[in-house]
Every structure is written in structure tokens, then in C-alpha cells.
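These protein sequence lines map, in sequence, to chains G and C.
Just so you know, we're using my numbering here: the first sequence kicks off at 20 and counts up by one.
Just so you know, we're using my numbering here: the second sequence kicks off at 570 and counts up by one.
Think of the CB as a built atom: it goes at the ideal place given N, C-alpha and C, for glycine as much as any other residue.
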Amino acid sequence: MHTNTERTTDAGASANGGKYLTFALGREEYGLPVLKVREIIKVMDITHVPQVAEHVLGVINLRGKVIPVIDLRRKFGFEPQAPTDRTCIIVAEVALASSTLMMGVVVDSVSEVVNVAAAEIEQPPDFGGRRTTDYLLGLAKVKGGVKILLDLDRVLGSDGPIAIAAA
Amino acid sequence: MSKTARKKSAKKPPVIVDDELATFAADPELASMFVADGLEHLGTIEQTILRLEKAPGDLSLVNDLFRPFHTVKGNAGVLGIRSVEAFAHKLETLLDLARSGSHPMGQAEIDVVLSAVDTLTIMVRELPARVAGEPHTDLAASCQNILATVDALIAGGSAAPIESVAVPAPQELEGSMAARIDEDSTIKVNTRKLDALVDMVGELVIAQTILADNPALQRPGDDRLSRQMAQIRRITSDIQRDAMSMRMVPIRRTFQKMARLVRDLSKKFDKPADVTLIGEDTELDRKLIEQLTDPLMHMVRNTVDHGIEPGAERLAAGKPETAQIQLRACHRAGGVVVEIADDGAGLDTERILARAVAQAMVPHGSQMSVAEIHQLIFRPGFSTADRVTEVSGRGVGMDVVRRNIQMLRGRIDIQTVRGRGATFTLHLPLTLAIVDGLVLGVGGDRFVIPTPAVRESLRPTAQQIHTTHGRPSVVQVRDRLIPLLHLGELFSIGNARTAITDGTVVIAEDNGREVALVVDEMLGKREVVIRSLGEMFRGVRGIAGGAILGDGRIGLILDTGGLLALASATQPQAAA
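If you want it as C-alpha cells, here you go:
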């Protein structure tokens, strides 16, 4: 109960402390506000959709709902990697310009849910360019490592309708 | 006292239904909707006028009064209930004056409106009783009284005799409010709830299909299991049909809008025209009707503006001066057909072709069939009108119409005889939620093409395939040459078969243009529930949505029109 104060703010909107779901991409550890996460599923058959940006893998059938799936590796410019048995799809709620939708995000592996205190979060370093730091909520120093906290709305909403991205 | 004005006519023998109730009696469903709606509006009016009494001079409240009166009047007019219509009309006149500020809403006005609402409430509530020939309240005297008072008020400012109005006692009024609550057997449901239900039923259908396709259930020999499965399938499809039917509404309102439009336009252009409505009861998915209104309006405008001739011209051509426009709707072959027919000048094939050549839409001297020429009017920017009128002639319109109809997965046909008229026929699906489709396999991917778009399918021989620039570009089917579209290449699907002769060619048609889709195999026909791919994929061309297939995977639904556009965009030489 004593952790409640940390969770009262909307975990998606700011770099406040709270619970984050952490996952691995390559050798980096990332975190998503846990309130945004709907479920975690195994990689399933993804239906490829033509004319979309490379990082958009397609759509999946999540119990009758059609939801888009994106590959965070490709989105962040990592080398693509074939799915392993640890590869997961994190289904999260993403706020786009005009609506909220469910979206799947493919990550290398899901680690754990960690409590991050506001004091442990540092502002993302300014690399000079807007793009990189735009979708970072901050960097959290937890358990001797650094977790990169993501603002998923910006990661996915930033480039607008995906179909246009592929010319 | 006021009682004298509302004598009960309980002793009256059952009467023959008045002719003003004919429409009302003929359509019980519409009738009960009218009663439920009317009572609700009258309740609103009652509340508003009570607020107005406390804040006289608030014009927005007068506005709020006017609108429900207008609706009640309009609905009564539609059903031909003249007594209600005329009565409401009179009150509306008074409110209109008040609304425009030229007649203040004093106490006398408020009183008369209140008693009018009360009288109207009784009139509307007792309509079913009148139809059934059951005893009902005789309101003639009270109506007369109110109308006379309204007349006096309109004529002589607020100096009207209030006492002459038969204002019902308050307790009676409350009684009438309470009594109306259990009157109607219709309930209003938010359409979002209805859509959610239809969605969930869609999921149920999918889940049932997936279950039925499960190999464990396909083993022969277990009769009981397959009987039970059949039972579930039957119930599921019953639920689906019923859920769908809840969203179905008759096309009547839309048709009536069109009739009104014809009336207004024919006055404006001084082209006398009569409208006949046929099959207004035909039911369509509510969403479909919503999206049908705009294209229909365009088409009706075109019909009046370009289709029918001025009266003098018609007389000179030996036709009756008044043109006939017919709007027809009916169910046909699992879909809906909506027609707009006129007895006007018809399409001028030569002129259309000449115009298209002049506007460089088709090359000079090209050979086109009559049907192909008629399809030209749907091209963006096309217009044969010599002048631009306020309503049409700018060359926007018919292309929008076609695009809208395509978005509804429908198509437009034109039949026309020069000098005798034209008929535009819209073929539409019954609902937007389900499509009958052919499942196609390309590489490992599945696609669904709506069956109405498919003309035929074949396994081409090498002799049927012709190449240009060394690439296979057309397939010859009998005497037609149809452009080939290799889905695997177009969508960059790996491991799709590359040799056309190994695969299957599906000939799809979109508004007179044909395209031969090259796929690996055809996997059968099935009904699928259409799912939107969502906002993120809005810009994807050639794909109309997704469908969840029997194995739980998603098949993309092909949009033939989009594919054709995509093909001509990626192969510039095809346009030359």
C-alpha cells in the first residue's frame, strides 16, 4: 500500500515513478508504463500487409480483434532477428492523434515488472536531435542497470499513418 | 369547466378506420415508432415550456420548443395523419413568430402551447386505439378552442381570451404522463451498443467456424458430435441474422428526402417532375443507408438537372410535360438493388464520347463499347453539361458517387435509351459487416476477394498469356485481352509461384474494367466478417480490410478498384 503514491499519476504521460514492464531488445533494457500494457502473448502468425513501413509486420487476430503489430527492433534500427522461443508480443494501448488503439509490439524477451521511484529517473540525455529523445520518458537506474523508459504513444504515433511511410 | 371540452366518447360503436390512419394502420412497426417518438417529443416540449415560463424571453428555449413540434408535425405528415399535422402546424406557426422575435411569448401563449401539448399527447397516444376501433377521447372541441386561441394570439398580439382555452387540470396532466410510459413496445438502444452486439456475434461466428474446422472434430464416425456441431452452427447463424436485423432500417426516410429534393429542384429549374417511390420498406443496414444518402442525392440532382428535359422540350418530343422519376428499392440475390429511373432524354452516347475525347480522357478514335462509354461519366472531372449550374455540371459528382458506392462494395449500372430516359441501378450488399468471398492463396498469404467482384477463374495455358517488354502483361480469355496483375509481385510476397501457368487467374471486375489477378490457388468460398484494419492502415491501397479465416489467421480482403489504381500507378506504361 505504501507504493500507492508513486502510482497515482498517469503512468503513460510523464517520467514519474511507477510500475514499468521491462523487456530486452538486443543488449538494451527498455521499460513501458505497466498501465499501458494489456497482455503479453507468444508470437503468432502475422498477416503481412503490403505498402507499409518496414517495421510494421502486419496484423494479428487477437481473439477476434484485428490489431497491428510492429517490430521494435526494426523501428529502432537494430538488426532484424528471427523469432526465438523468448520472443513476445506485448499488446499495449496506444493513443494516436485521433483515437486509441491496441497494438502489438514484438520484443526479444519480456523481463519483469519493476517499481521505479521518481528519484531513480533521469531526464534523457540531449543528443542534439529531436527524434531520439522525443519518445523517451527518461532513463531509470534500477538494480545496477539502466532501463530506457519509452513513451509508446510517441514511438508509434510519431510517424503518423504507417501506410504512407512506405512510398 | 374544462371537463366539458373533453367528453369521453366511450359509448361510441367501433368506427371504420378514418382514411387519415390508413398508412398508420398498414405499418404497425412504423406506427409504434411514431407513437413512441411523438410522446417523447411532446414530453420534451412540456418540460421546455415549463422552463420558458420561468425565463420568458429566452429565445433559445423557444427554439428548443420549435424543433420537436416540427418533428412531430413532419412525422405525422409522413404518415398522413392530417389532424395531428394540421394541429401541430398551427402551433408551429405561433412558435415560429415567437422564435423570430416578432411575437412575444407571454403567459397566454405559454398556456395555449401547454394545453396544445396535452391535446396532442392524447391524440398521439390514442392513435392505436382509433385504428383498433376502440373508444377514444373526442378532442374536436378542445382542438377548435386551442386553434381559435392561437389564431387570436397571432392576429391580435397577446390580448387573447385565456379563459376560453380548455386547459386540463394538473392532475390529469400528470396522469397522462404516467400512463404513456408503458405504452410502447419499442425501446431506444444506442446504436453503439447494437454495433458492439453485432461485433460480438461476428466473433462468435468466427469462433464457431474455427471450432468446426478443428481437425479433432473432423474425424469421421462420431455422428453425435457432428449433430451437435450442426446445432451450434444453426443457432449461431440464427443469432447472427437476428442481430443483423436489429440494425436494419427501411430505406423510406432516405427515399422521402429524395422525393423532397426532386420537388425543390424541379421548381428551381422549372422542370415539372413527379416522383414515385417503390419499395420504401426495403430494409438495409443502418450504416449502409447513412452512407447511401449522399450518393443518392448527387444522382437525383443529376437526374433533374441533366436527365429530364424542360417541359416545353418534352412536349415537343411528344412526351407528357411532367417528367416521371422513379425511385425503387428491392432485395435481389442476397443484396439490395436501388434504382433511379427517369423518362428524360437519356444518355447521349456520342456526346459523352466526344466530350471525353475533348477532355483528353480517351484517345481519339478509340473503340469503346456503349457500356464503356457510359462508364466515362464516372471519371473524375468529366462533365457534359454546357453550363455550370448551382447544383451540377462541375464534373464533380458522379465520380464521387461511384467511389462512395464502391466503398459500400456496390456497383452502378446504367441502362439508357436515347430520348426515352435512363435508369441508374445500384447493386449493394445487404450489410457492410459480412462479405461473401473467395479465399485465395499467394505464397503463404491468404486473400479474400468479394464474390460479386469475381467474373470467372481459370488456369491459363501458355498460349493465353501474352507479353509486352518481355513481361507477361495480358491474358486472353475468349476474345478479350485482360491485363494481368501478379498479386505476389504487387505485394512483394516471397515464395509466391512465379510462373503464371502454374497458378490460377481470377478475373475481377470493377465498374466495367477487368483485371486478371494471378494467384497460386483458390482455397474455396466462404462468408467472412469484415474487420477494419484500423487507422494505421488507412492509406493502404487495394486492401479493403481483414477477415478472420477458419484457421484463426487473418486474410486481407482485396479491393478491386484499389488494385486497378495501384497497378496503373506502379506500371506507368499501362496507362499509355
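So, using beta-carbon positions, are residue i and residue j closer together than 9 Å?
{"i": "residue 229/G", "j": "residue 42/G", "result": "One cannot answer for residue 229/G here, as it falls past the ends of chain G, which runs 20 to 186."}
{"i": "residue 1090/C", "j": "residue 1067/C", "result": "no"}
{"i": "residue 611/C", "j": "residue 620/C", "result": "no"}
{"i": "residue 815/C", "j": "residue 774/C", "result": "no"}
{"i": "residue 76/G", "j": "residue 125/G", "result": "yes"}
{"i": "residue 628/C", "j": "residue 668/C", "result": "yes"}
{"i": "residue 970/C", "j": "residue 1099/C", "result": "no"}
{"i": "residue 904/C", "j": "residue 930/C", "result": "no"}
{"i": "residue 723/C", "j": "residue 666/C", "result": "yes"}
{"i": "residue 155/G", "j": "residue 175/G", "result": "no"}
{"i": "residue 999/C", "j": "residue 977/C", "result": "no"}
{"i": "residue 1018/C", "j": "residue 1129/C", "result": "yes"}
{"i": "residue 599/C", "j": "residue 700/C", "result": "no"}
{"i": "residue 1011/C", "j": "residue 1056/C", "result": "yes"}
{"i": "residue 942/C", "j": "residue 909/C", "result": "no"}
When the Cα atoms are used, what is the spatial distance from residue i to residue j?
{"i": "residue 777/C", "j": "residue 1008/C", "result": "18 Å"}
{"i": "residue 634/C", "j": "residue 618/C", "result": "7 Å"}
{"i": "residue 58/G", "j": "residue 1086/C", "result": "39 Å"}
{"i": "residue 593/C", "j": "residue 604/C", "result": "10 Å"}
{"i": "residue 821/C", "j": "residue 1040/C", "result": "52 Å"}
{"i": "residue 990/C", "j": "residue 925/C", "result": "21 Å"}
{"i": "residue 607/C", "j": "residue 706/C", "result": "18 Å"}
{"i": "residue 1044/C", "j": "residue 838/C", "result": "49 Å"}
{"i": "residue 985/C", "j": "residue 595/C", "result": "35 Å"}
{"i": "residue 803/C", "j": "residue 811/C", "result": "12 Å"}
{"i": "residue 67/G", "j": "residue 1121/C", "result": "15 Å"}
{"i": "residue 787/C", "j": "residue 781/C", "result": "8 Å"}
Exposed or buried, residue i, counting other C-beta atoms within 10 Å across all chains shown (16 or more means buried)?
{"i": "residue 697/C", "result": "buried"}
{"i": "residue 1117/C", "result": "buried"}
{"i": "residue 1105/C", "result": "buried"}
{"i": "residue 875/C", "result": "buried"}
{"i": "residue 769/C", "result": "exposed"}
{"i": "residue 850/C", "result": "exposed"}
{"i": "residue 938/C", "result": "exposed"}
{"i": "residue 128/G", "result": "exposed"}
{"i": "residue 654/C", "result": "buried"}
{"i": "residue 165/G", "result": "exposed"}
{"i": "residue 1133/C", "result": "buried"}
{"i": "residue 1114/C", "result": "buried"}
{"i": "residue 70/G", "result": "buried"}
{"i": "residue 1038/C", "result": "exposed"}
Under a CB-based cut-off of 9 Å, is residue i close to chain C?
{"i": "residue 80/G", "result": "yes"}
{"i": "residue 35/G", "result": "no"}
{"i": "residue 67/G", "result": "yes"}
{"i": "residue 123/G", "result": "no"}
{"i": "residue 84/G", "result": "yes"}
{"i": "residue 174/G", "result": "no"}
{"i": "residue 120/G", "result": "yes"}
{"i": "residue 6/G", "result": "Residue 6/G lies beyond the range of chain G shown here (20 to 186); nothing can be said about it."}
{"i": "residue 71/G", "result": "yes"}
{"i": "residue 75/G", "result": "yes"}
{"i": "residue 87/G", "result": "yes"}
{"i": "residue 170/G", "result": "no"}
Using a Cβ-Cβ cut-off of 9 Å, state whether residue i counts as contacting chain G.
{"i": "residue 664/C", "result": "no"}
{"i": "residue 782/C", "result": "no"}
{"i": "residue 598/C", "result": "no"}
{"i": "residue 1109/C", "result": "yes"}
{"i": "residue 1092/C", "result": "no"}
{"i": "residue 1112/C", "result": "yes"}
{"i": "residue 1100/C", "result": "yes"}
{"i": "residue 884/C", "result": "no"}
{"i": "residue 1122/C", "result": "yes"}
{"i": "residue 1115/C", "result": "yes"}
{"i": "residue 1086/C", "result": "no"}
{"i": "residue 722/C", "result": "no"}
{"i": "residue 950/C", "result": "no"}
Step through the CB atoms of chain A and report whether any lies within less than 9 Å of the CB of residue i.
{"i": "residue 1106/C", "result": "As a matter of chain content, chain A is missing from the structure shown, whose protein chains are G and C."}
Identify each residue in the region 1055-1078 of chain C for which the Cβ-Cβ distance to at least one residue of chain G is less than 8 Å, and report them in chain order.
1059, 1060, 1061 and 1062
So if I threshold CB-CB distances at 8 Å, which residues from the region 1001-1021 of chain C count as touching chain G?
1014 and 1015
Please name the residues in the region 677-703 of chain C whose beta-carbon is closer than 7 Å to at least one beta-carbon of chain G, in chain order.
none
Give the residues from the region 906-930 of chain C that approach chain G closer than 9 Å (Cβ to any Cβ), ordered along the chain.
none
Against chain G: residues of the region 757-784 of chain C by CB proximity under 9 Å:
768, 769, 771, 772, 773, 775 and 776
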